[in-house]
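Please read the structure below before turning to the comments.
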Amino acid sequence: MKLPVKKWTKFKPSLCSSCFATCCHDMPLEVSLPDLVRLGFVSQDEEIDDLKSVANRLLKKKVIQKFHPKKMVFVIAQKKNKDCIFLDKNRRCTVYTVRPEICRQFPKIGPKPGSCPYLPFSNEKS
């Protein structure tokens with residue numbers, strides 16, 4: 011599924027419940043080590059280990075698609091259709107209570123701060 015070109019809208023929290031979760035489609039999800047611990051992919055003990063070995067393990071499990079050692083961020087893998095791996099069939103976040111910090115802060119931070127790529131369910135294009 012390819013979603014239409016993103017149209018950025020001034021963000022209002024009320025938009026989320028009727029949106030197609032376009033903020034969770036075809037955008038790299040960069041997470042930190044504390045995010046991975048909160049998500050349960052890395053244990054507290056592993057947190058002190060070599061990050062490259064943690065990254066290699068997560069790459070093999072297809073949890074991440076990249077690791078940027080200089081920035082110390084991991085890029086979460088996407089589904090084949092470019093959706094976030096945490097979206098369910100109803101396009102809702104399956105890890106909402108423990109979601110990564112970037113998701114918690116969106117759209118305060120992101121490609122267009124204060125705006126979101128809102129697409130109502132009724133406008134979905136397949």
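Numbered per my numbering, the sequence shown spans residues 11 to 136.
Think of the CB as a built atom: it goes at the ideal place given N, C-alpha and C, for glycine as much as any other residue.
Quick caveat: nothing in here was measured; it's all calculated off a predicted structure.
Which term fits residue i, buried or exposed, when burial requires 16 or more other beta carbons within 10 angstroms of its beta carbon?
{"i": "residue 32", "result": "buried"}
{"i": "residue 109", "result": "buried"}
{"i": "residue 34", "result": "buried"}
Relative to the C-alpha of residue i, which candidate in the options has its C-alpha closest?
{"i": "residue 46", "options": "20, 89, 74", "result": "74"}
{"i": "residue 69", "options": "55, 56, 87", "result": "87"}
Excluding the 5 residues flanking residue i on each side, which residues of the same chain have their C-beta closer than 6 Å to its C-beta?
{"i": "residue 130", "result": "28"}
Please report the distance separating the alpha-carbon of residue i from that of residue j.
{"i": "residue 127", "j": "residue 89", "result": "19 Å"}
{"i": "residue 60", "j": "residue 79", "result": "11 Å"}
{"i": "residue 71", "j": "residue 118", "result": "31 Å"}
{"i": "residue 52", "j": "residue 95", "result": "17 Å"}
{"i": "residue 98", "j": "residue 132", "result": "18 Å"}
{"i": "residue 39", "j": "residue 106", "result": "14 Å"}
{"i": "residue 41", "j": "residue 26", "result": "22 Å"}
{"i": "residue 24", "j": "residue 48", "result": "27 Å"}
{"i": "residue 76", "j": "residue 36", "result": "15 Å"}
{"i": "residue 55", "j": "residue 20", "result": "41 Å"}
Does the CB of residue i have a neighbour CB from chain B at under 9 Å?
{"i": "residue 53", "result": "Within the model displayed, chain B is absent; a lone protein chain is all it includes."}
Less than 8 Å between the CB of residue i and some heavy atom of the ligand SAM, yes or no?
{"i": "residue 73", "result": "This structure simply doesn't include the ligand SAM, nor any ligand for that matter."}
Can you give me the Cβ contacts of residue i inside the same chain, cut-off strictly under 8 Å, excluding the 5 residues immediately before and after it?
{"i": "residue 43", "result": "52, 57, 61, 64, 82, 84"}
Excluding the five sequence neighbours on either side, which residues of its own chain have a C-beta within less than 7 Å of the C-beta of residue i, listed in chain order?
{"i": "residue 116", "result": "33"}
Would the segment 111-125 and the segment 62-70 be scored as touching if the rule is three or more Cβ pairs under 8 Å?
Verdict: no, contact absent.
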